[in-house]
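Q: One structure, as structure tokens, below. Some questions next.
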Amino acid sequence: MDKNKSFQNIIMKLQYYWMDQGCVLIQPYDTEVGAGTFHPATVLRVLGPDPIWKAAYIQPCRRPTDGRYGENPNRLQHYYQFQVIIQPSPDNIQNLYLESLNAVGLNSKNHDIRFVEDDWESPTLGASGLGWEIWCDGMEISQFTYFQQVGGIEVKPVASEITYGLERLAMFIQKVENIYHLDWDGLDKDKGGKTYGDIFLQQEKEFSIYNFEKSNSSVLIQHFNDAEKECSFLLEDKINPLPLPAYDQCIKASHIFNLLDARGVISVSERQAYILRVRNMSRSCCLAWMDKSNV
Amino acid sequence: MSKNKGEKGSLLLELFSEEIPARMQTGSEKQLTSLFEKSFINRDIGYGPISTFCSPRHLSVIIKNIDLKQKNQIIEKRGPRLGSNEKAINGFLKSNNIQENDIVIKDTKNGKFYFYLNQTNGINTSEVLPEIINEIINNFVWPKSQRWAYSELRWARPLRNILLLFNNQPIEGKVAINENNFLNFSTYTFGHRNENKKIEVKSIDEYEELLENNYIILDRKKRKNKIINDTKLLLKDKDIKLLDDDYLLDEVLGLVEFPNVLIGTIDKQFMNLPKEVLTTAMKVHQKYFSIIDDKNNLVPKFLFVSNTTPKKERDISVIEGNERVLKARLSDADFFWKTDIATKIESFNEKLKKVLFYEGLGSLHDKTIRLSKVSKYFSSFFKVDVSLAREACILSKFDLVSEMVGEFPELQGIMGGHYTKLNGKPNEISNAIFDQYKPKGISNDMPKTKLGCMLSMVDNIDNLTGFFIINKKPSGSKDPFALRRAGYSIVQILMKLKLNISINDLFTEALKSYENSSKMIKLDLIDFIIDKVKFILKKQNFRHDIIESVISLEESKNYFFPILYERVNCLNDIKDTNEFKTFLVNFKRLNNIIKSNILLDISNVKLNTHLFESSEEQEIYDKSKCLDFNLKKYLTDIEHQGILLKEVISLNYVIHSFFEKIIVNHEDNKIKVNRIKLLTELAERLLKFSNFHYIDN
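So the protein sequences, as listed, match chains C and A.
Take the first sequence: its position 273, counting from 1, is numbered 313 in our numbering, and each next residue is one higher.
Take the second sequence: its position 171, counting from 1, is numbered 180 in our numbering, and each next residue is one higher.
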């Protein structure tokens with residue numbers, strides 16, 4: 041066991057590193073999301089009110105379709121991202137990123153680091169950006185994006201987003217081939233040390249069953265409709281809209297859509313319609329947020 | 010440095026940015042060249058050879074033999090007309106601040122005028138360079154570009170440094186990122202990320218070598234050669250070689266600034282996965298090359314190109330890292346494989362009912378039913394067993410809902426082939442399913458079996474027909490459903506297999522299977538395929554006008570493909586012979602005479618041999634009749650196309666002697682009309698073979 045390389049230590053080191061770069065350390069958003077980007081600290085904040093916004097946070101993410109009943113060593117329906125959003129994008133942002141790897145004990149000079157084109161687009165958020173996936177010795181450990189648009193609105197100034205896949209990064213650092221074998225705390229087992237599997241294997245099994253087999257589609261569809269209604273209700277008052285609570289409803293709808301998708305009850309043509317509905321919600325929230333911020 | 014007249018300069022520009030996507034690099038070099046050429050030409054600055062380089066972060070150009078000065082510019086100013094009054098002339102002199110002996114008289118198409126030829130000295134190239142560089146950067150168009158921070162400027166990825174030297178001297182100037190922020194021209198650049206060194210560039214001639222010493226190989230070709238040579242060294246003494254993949258190599262070239270070729274080992278437990286699965290998993294996600302032995306079998310090794318400077322210890326850990334990643338990727342693939350082979354084909358097929366092929370075109374299951382209906386008609390043309398064909402169609406799409414194809418869409422068909430084989434289906438069927446997406450457009454990579462060809466063609470016909478029905482035809486550069494490729498692929502199969510099918514019959518059954526009876530759609534489809542036929546023939550080096558002369562025949566839609574091909578081929582063979590060329594001349598004369606008498610209504614005229622006054626007329630009549638007979642008998646006989654063409658050309662002599670001896674415009678109108686009728690009939694017969702007037706002489 042190496043305390044330095046433990047999962048929790050990697051998180052702490054990233055937090056300290058980005059704190060030192062002047063980021064506010066925020067905590068995870070308390071609603072199910074598919075990616076760290078969904079956190080209001082990213083989606084809404086890059087649209088205003090302050091043109092300078094630097095934040096870092098860890099975010100648990102849910103991808104119901106990626107569940108594998110705990111049987112696949114590389115896929116999870118619940119995992120962690122570490123998200124850094126800096127606006128305006130600094131000129132030396134690539135170097136800042138490479139130094140962050142050094143901070144977690146991965147000296148970039150000793151590895152084959154590659155920036156491979158990967159333009160990012162979130163149809164539900166109406167967001168897109170240009171950037172790369174970052175490879176370290178062939179493993180994709182991060183995603184790097186220059187935000188161009190959110191909610192269909194141009195992001196000005198452009199923000200840079202860095203997303204670390206924490207499990208991937210830790211697997212690389214610990215040289216582990218199975219997620220569940222990741223060392224979480226750097227303690228030996230006989231001293232109560234825990235692996236990733238000790239903490240999450242049961243969760244993966246149960247949620248895979250829920251996501252694929254047990255979720256109640258008609259209830260979910262009702263939830264989706266309710267969230268959509270609530271979202272538009274909260275934005276109805278043009279003088280005093282409530283974009284933040286409305287955005288909560290938008291995130292909820294997005295997650296419900298993912299659950300329905302995992303259950304396999306959405307046909308190809310319906311899929312597009314659902315995505316469009318979430319996109320409209322997120323766009324309305326973004327516009328209301330901008331109005332309120334007086335940008 | 011002395012600046013004598015005629016002395017030339019050289020220029021180095023390097024645009025240093027964050028990593029530019031691999032697919033854009035080659036294009037960016039070309040664009041840089043053409044933008045410089047344009048800027049120099051517009052400013053009347055002569056220049057010599059241009060060489061460009063591009064690596065992920067460095068895009069540069071070196072231009073030699075540039076004029077040190079713009080050529081002197083002469084601006085003509087027109088003054089008053091010759092003979093104008095003095096007042097006008099003086100006004101002209103005054104407004105230009107010149108004397109009387111500064112003006113000259115010049116002739117124009119409107120008469121003679123006074124002119125002032127204002128000659129200004131050309132500006133020094135070094136002085137206009139900043140303007141040129143700005144122009145180039147602002148006019149640069151990337152396939153996809155971005156802003157960053159407060160930039161107004163767009164670039165493929167943020168532009169971070171501009172190195173500019175002219176005759177090894179720095180040039181003062183800058184490029185605006187936005188209103189308030191600029192990149193000043195610099196004299197330095199940066200080396201490999203592993204070293205992270207700032208490099209001062211003092212000499213243009215040494216630039217390339219200087220960067221190479223800092224582990225940046227600027228020249229794409231050099232990077233390629235290094236990869237090829239290093240690979241050879243690594244595989245030396247073993248009976249193994251790289252599975253060639255030019256596309257992958259090209260992509261890899263754009264991902265590295267200093268290619269370092271390394272070899273890793275594939276865990277043995279994965280070696281029983283199908284070859285295609287291993288190769289695809291390695292290539293798509295990891296950009297690894299596969300290695301094969303002399304029997305074309307995969308060996309448990311993979312080759313990859315890392316972007317690192319040479320260092321033994323690092324190489325070892327980079328290889329280890331990549332091996333671990335590959336293990337994870339392959340255990341994913343292994344999981345898919347095991348899940349898939351544990352699933353019954355019937356239950357996959359059942360799933361297809363829920364998967365839409367496309368909005369308005371039914372499910373994928375519906376598609377397989379349509380294919381099997383249409384296959385009934387085509388199987389006799391392909392000489393394949395009807396029931397095998399039917400089953401191949403029914404089983405052709407189930408792999409689209411398999412786990413493996415979900416992860417690797419490029420394995421569609423291939424997995425279907427493997428899974429049907431494992432399920433004990435006849436080899437003919439699994440082979441056909443395996444190959445069903447070949448040929449990809451104009452490619453020559455055909456399905457290996459006739460059944461495979463048929464499945465491919467029936468599927469493409471179904472795609473075309475369906476998307477035409479819902480009006481999703483390709484237009485301009487938009488072809489989201491790759492229908493052009495589908496068209497080419499159909500034509501390739503028709504030609505390669507010499508199938509006796511006509512364009513007219515291609516879509517009849519498919520339209521029926523969609524329960525569609527629209528004549529319009531059928532005609533659209535036919536026109537679409539005709540277009541593809543022309544294109545493919547052109548690709549085979551047949552001359553455009555020859556192709557046109559045959560394909561434009563009204564009847565060509567009803568011809569079997571091999572006949573069309575053979576006729577084009579025959580015409581193409583003789584197109585450069587003198588005999589054919591004189592035939593064309595005579596045919597043109599014939600045509601002109603008919604055209605000039607177009608007002609004469611001869612439709613009801615019956616040819617009367619008693620009105621003949623000469624042996625020439627009789628001879629034309631006899632030969633024409635004979636031609637008519639042979640055309641009726643052999644026009645669609647593949648063996649006779651060459652013979653018919655010979656007969657057509659041999660008419661050369663009779664037509665010629667007719668025109669030599671006979672005047673069509675006889676004073677007796679009856680005779681005249683009779684002669685026109687004679688010639689018209691002949692022309693009509695000739696035009697059954699080919700529209701000869703389309704052919705350039």
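Glycine included, each C-beta is placed from N, C-alpha and C at the ideal position.
1) Please look up how many angstroms separate the CB atoms of residue 73 of chain C and residue 102 of chain C, rounded, as I've assumed it's under 8 Å.
2) Closer than 8 Å by beta-carbon distance: list the chain A residues that pair up with residue 245 of chain C, in chain order.
3) Where do the N-terminal and C-terminal ends of the beta strand (DSSP E) with residue 269 of chain C fall, by residue?
4) Say whether chain C places a C-beta atom closer than 8 Å to the C-beta of residue 185 of chain A.
5) Please report the straight-line C-alpha distance between residue 691 of chain A and residue 629 of chain A, rounded to a whole angstrom.
6) Which class does residue 67 of chain A belong to by DSSP, given the choice of helix, strand or coil?
7) In terms of residue numbering, what span does the alpha helix (DSSP H) encompassing residue 195 of chain A cover?
8) Grab the span of the beta strand (DSSP E) containing residue 224 of chain A for me, first residue to last.
9) By alpha-carbon positions, which one of C:146, C:163, C:195, C:271 ends up nearest to residue 22 of chain C?
10) If we cut at 8 Å on Cβ distances, does residue 251 of chain C have a partner in chain A?
11) Could you tell me how far apart the beta carbons of residue 445 of chain A and residue 468 of chain A are, in whole angstroms, since I believe they sit closer than 8 Å?
12) What are the residues of the stretch 336-347 of chain A that lie near chain C, defined by any Cβ-Cβ distance shorter than 9 Å?
13) What residues in the stretch 154-170 of chain C have a beta carbon less than 8 Å from any beta carbon of chain A?
14) Suppose contacts are defined by Cβ-Cβ distances below 8 Å. Is residue 267 of chain A in contact with residue 198 of chain A by that definition?
15) With a threshold of 8 Å on Cβ separation, who are the neighbours of residue 10 of chain A within its own chain once the five nearest residues in sequence on each side are excluded?
16) Sort out for me which residues DSSP pairs residue 118 of chain C with in a bridge.
17) Output the distance between the C-alpha atoms of residue 381 of chain A and residue 158 of chain C, rounded to the nearest integer angstrom.
18) Hey, how far is the Cα of residue 115 of chain A from the Cα of residue 51 of chain A?
19) For residue 459 of chain A, does the count of other Cβ atoms within 10 angstroms reach 16, so buried, or fall short, so exposed?
20) Taking the straight line between their C-alpha atoms, what separation do you get for residue 699 of chain A and residue 654 of chain A?
21) Considering only residues of the same chain and omitting the five flanking positions on each side of residue 187 of chain A, which have a CB-CB separation below 6 Å?
22) Who are the neighbours of residue 129 of chain C on chain A, taking C-beta pairs under 8 Å?
23) Could you tell me which uninterrupted beta strand (DSSP E) segments, each at least 3 residues in length, are contained entirely in the stretch 145-197 of chain A, listed from first to last along the chain?
24) Within the 8 Å Cβ cut-off, does residue 264 of chain A reach chain C?
25) With a 10 Å radius around its C-beta and 16 neighbouring C-beta atoms as the bar for buried, classify residue 298 of chain C as buried or exposed.
26) Classify residue 448 of chain A: buried if its beta carbon has 16 or more other beta carbons within 10 angstroms, exposed otherwise.
27) Counting Cβ pairs, one atom from each stretch, are 3 or more of them under 8 Å apart for the stretch 76-86 of chain C and the stretch 186-194 of chain C?
28) Inspect the beta-carbon positions of residue 236 of chain A and residue 270 of chain A and report whether they are closer than 8 Å.
29) Which residues, in order along the stretch 18-41 of chain A, keep a beta-carbon less than 8 Å from a beta-carbon of chain C?
30) Which residue from A:54, A:566, A:95, A:71 puts its Cα closest to that of residue 38 of chain A?
31) Please report the straight-line C-alpha distance between residue 191 of chain C and residue 219 of chain A, rounded to a whole angstrom.
32) Could you tell me the distance, in whole angstroms, from the CA atom of residue 238 of chain A to the CA atom of residue 299 of chain A?
33) Using beta-carbon positions only, say whether residue 122 of chain C and residue 54 of chain C come within less than 8 Å of one another.
34) Just verifying my parser: in three-state terms, what is the DSSP assignment at residue 637 of chain A?
35) Tell me which residues of the stretch 263-284 of chain C have at least one Cβ-Cβ distance to chain A shorter than 7 Å, keeping chain order.
36) So residue 263 of chain A packs on residue 65 of chain A, CB below 8 Å; how close in whole Å?
A: On the basis of the data shown:
1) The pair is a contact, with the Cβ atoms about 7 Å apart (cut-off 8 Å).
2) At a beta-carbon threshold of 8 Å, none of the residues of chain A lie near residue 245 of chain C; the nearest stands roughly 16 Å away.
3) That residue, residue 269 of chain C, is in no beta strand (DSSP E); its alpha helix (DSSP H) goes 257-274.
4) Chain C, which has no Cβ nearer than 8 Å to the Cβ of residue 185 of chain A, makes this no.
5) Whole-angstrom Cα-Cα distance: 8 Å.
6) Under the three-state reduction of DSSP output, residue 67 of chain A falls in the strand class.
7) Following the DSSP letters along the chain, one finds residue 195 of chain A in no alpha helix (DSSP H) but inside the beta strand (DSSP E) bounded by residues 191-195.
8) Taken as a continuous stretch (DSSP letters only), residue 224 of chain A belongs to no beta strand (DSSP E), as it is neither H nor E.
9) Examination of residue 22 of chain C is not possible in this model, given that chain C is present from 41 through 335 alone.
10) By the rule that beta-carbons nearer than 8 Å mark a contact, residue 251 of chain C does not touch chain A.
11) Taking C-beta atoms under 8 Å as the contact rule, residue 445 of chain A and residue 468 of chain A qualify, at a distance of about 6 Å.
12) Residues passing the 9 Å Cβ filter: 336, 337, 338, 340, 341, 344.
13) Residues of the stretch 154-170 of chain C with a C-beta atom less than 8 Å from some C-beta of chain A are 154, 155, 156, 157, 159, 169, 170, listed in chain order.
14) No.
15) Any reading at residue 10 of chain A is ruled out, since the residue's pLDDT is 41, under 50, leaving its predicted position unreliable.
16) Listed as beta-bridge partners of residue 118 of chain C by DSSP are C:102.
17) Roughly 40 Å between the two C-alpha positions.
18) Across the structure, residue 115 of chain A and residue 51 of chain A are spaced so that their CA atoms are roughly 26 Å apart.
19) Flag for residue 459 of chain A reads buried.
20) Within the model, the alpha-carbon separation for residue 699 of chain A versus residue 654 of chain A is close to 9 Å.
21) Around residue 187 of chain A, the same chain offers 159, 160, 161 as residues with beta carbons nearer than 6 Å, after the five sequence neighbours per side are excluded.
22) Within chain A, the residues near residue 129 of chain C are 157, 158, 167.
23) Counting whole runs of 3 or more residues, the stretch 145-197 of chain A contains the beta strand (DSSP E) stretches 168-175, 183-185, 191-195.
24) It does: the Cβ of residue 264 of chain A has a partner Cβ on chain C nearer than 8 Å.
25) Around the CB of residue 298 of chain C, 16 or more other CB atoms lie within 10 Å, so the residue is classed as buried.
26) Classification of residue 448 of chain A: buried, given that the 10 Å Cβ count is 16 or more.
27) They touch, by the three-pair rule.
28) Residue 236 of chain A places its beta carbon less than 8 Å from that of residue 270 of chain A.
29) Those residues of the stretch 18-41 of chain A that come within reach of chain C (Cβ to Cβ, closer than 8 Å) are 27, 28, 30, 31, 32.
30) Closest by alpha carbon: A:71.
31) Linking residue 191 of chain C to residue 219 of chain A through their CA atoms gives a straight-line distance of about 47 Å.
32) Cα to Cα, the separation comes out at about 17 Å.
33) Less than 8 Å separates the beta-carbon of residue 122 of chain C from that of residue 54 of chain C.
34) Three-state DSSP puts residue 637 of chain A in a helix.
35) Listed in sequence order: no entries.
36) Contact check for residue 263 of chain A and residue 65 of chain A: beta-carbon distance about 7 Å, within the 8 Å limit, so the pair qualifies.
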